[in-house]
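Participant: Residue numbers (this note's numbering): 158 to 363.
Handing you a structure now.
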């Protein structure tokens with residue numbers, strides 16, 4: 158068990174206010190105020206390189222580094238898409254798939270091109286999310302969430318981002334791009350990981 162910081166703030170390892178708000182929706186009724194890296198006073202020039210080979214590695218690297226920099230309890234998340242037919246790719250490279258110059262649509266098309274000869278029954282994959290929570294002293298706890306699905310042959314839907322338009326969830330008969338925010342927050346990998354983090358943070362020792 159960690160020792161709780163005397164300052165009741167929880168840093169979310171992002172400079173994006175929208176992502177902080179997303180975690181505020183997912184982490185309800187925790188005894189912490191969520192703040193961004195900027196609000197926690199982490200220097201704007203500080204960027205942590207994600208050198209890990211797994212989502213857990215990268216989440217822990219970010220959580221530890223920003224917890225040490227801020228002096229506050231810090232939550233970091235790493236996530237992406239794993240496709241069985243591609244040996245688990247794009248995996249930890251999901252946001253960088255194909256290298257510089259690709260946007261979300263370009264990465265989706267690159268994925269579809271790589272799978273053009275893969276039959277429907279072999280197009281299984283999953284979104285996976287790992288959340289790491291670190292104290293300033295470097296003690297880390299991690300939780301994980303995932304959602305299974307299939308990679309369809311053409312993009313569908315106008316919502317979401319990243320690979321959402323081609324990730325089909327059979328139980329809902331929709332891609333994650335076609336889901337409402339309420340539906341997505343019920344089944345998504347990030348929502349499932351956040352539920353476990355929520356239980357951890359609600360019971361944080363005083």
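Positions of the beta carbon are idealized from the N, C-alpha and C atoms, including for glycine.
Where does residue 273 land, buried or exposed, given buried means 16+ other C-beta within 10 angstroms?
Facilitator: exposed
Participant: Determine the closest residue to residue 246 out of 269, 260, 258 and 234, with distance taken between C-alpha atoms.
Facilitator: 269
Participant: Expressed to the nearest angstrom, what Euclidean distance is found between the alpha-carbon atoms of residue 354 and residue 288?
Facilitator: 7 Å
Participant: If I follow the unbroken beta strand (DSSP E) through residue 325, where does it start and stop?
Facilitator: 324-326
Participant: How big is the Cα-Cα spacing for residue 382 and residue 186?
Facilitator: Nothing can be reported for residue 382: it is not among the residues displayed for the chain, which extend from 158 to 363.
Participant: By how many angstroms is the C-alpha of residue 296 removed from the C-alpha of residue 226?
Facilitator: Roughly 14 Å separates the two Cα atoms.
Participant: What does the alpha-carbon distance come out to for the pair residue 164 and residue 197?
Facilitator: Residue placement at residue 164 is flagged as unreliable, the pLDDT there being 43, under the threshold of 50; the coordinate-derived value follows with that caveat. As the crow flies, the alpha-carbon of residue 164 is around 11 Å from that of residue 197.
Participant: Comparing C-alpha positions only, which one of 234, 235, 236 and 254 sits nearest to residue 243?
Facilitator: 254
Participant: For residue 260, does the count of other Cβ atoms within 10 angstroms reach 16, so buried, or fall short, so exposed?
Facilitator: exposed
Participant: Which runs of the alpha helix (DSSP H) fall wholly inside the region 186-273 and span at least 4 residues, in chain order?
Facilitator: 212-227 and 261-271
Participant: Grab me the residues of residue 303's own chain with a C-beta within less than 6 Å of its C-beta, minus the 5 sequence neighbours each way, in chain order.
Facilitator: Counting only Cβ-Cβ distances below 6 Å, and skipping sequence neighbours, we find 283, 285 and 346.
Participant: Checking contacts by CB at 8 Å: is residue 223 closer than that to chain B?
Facilitator: No chain B is present in this structure, which holds just one protein chain.
Participant: Note the first and the last residue of the continuous beta strand (DSSP E) segment covering residue 318.
Facilitator: First-last for residue 318: undefined, no H or E at that position.
Participant: By alpha-carbon positions, which one of 307, 199 and 349 ends up nearest to residue 276?
Facilitator: Among 307, 199 and 349, the Cα nearest to that of residue 276 is on 307.
Participant: If the criterion is Cβ atoms closer than 8 Å, does the pair residue 220 and residue 281 meet it?
Facilitator: no
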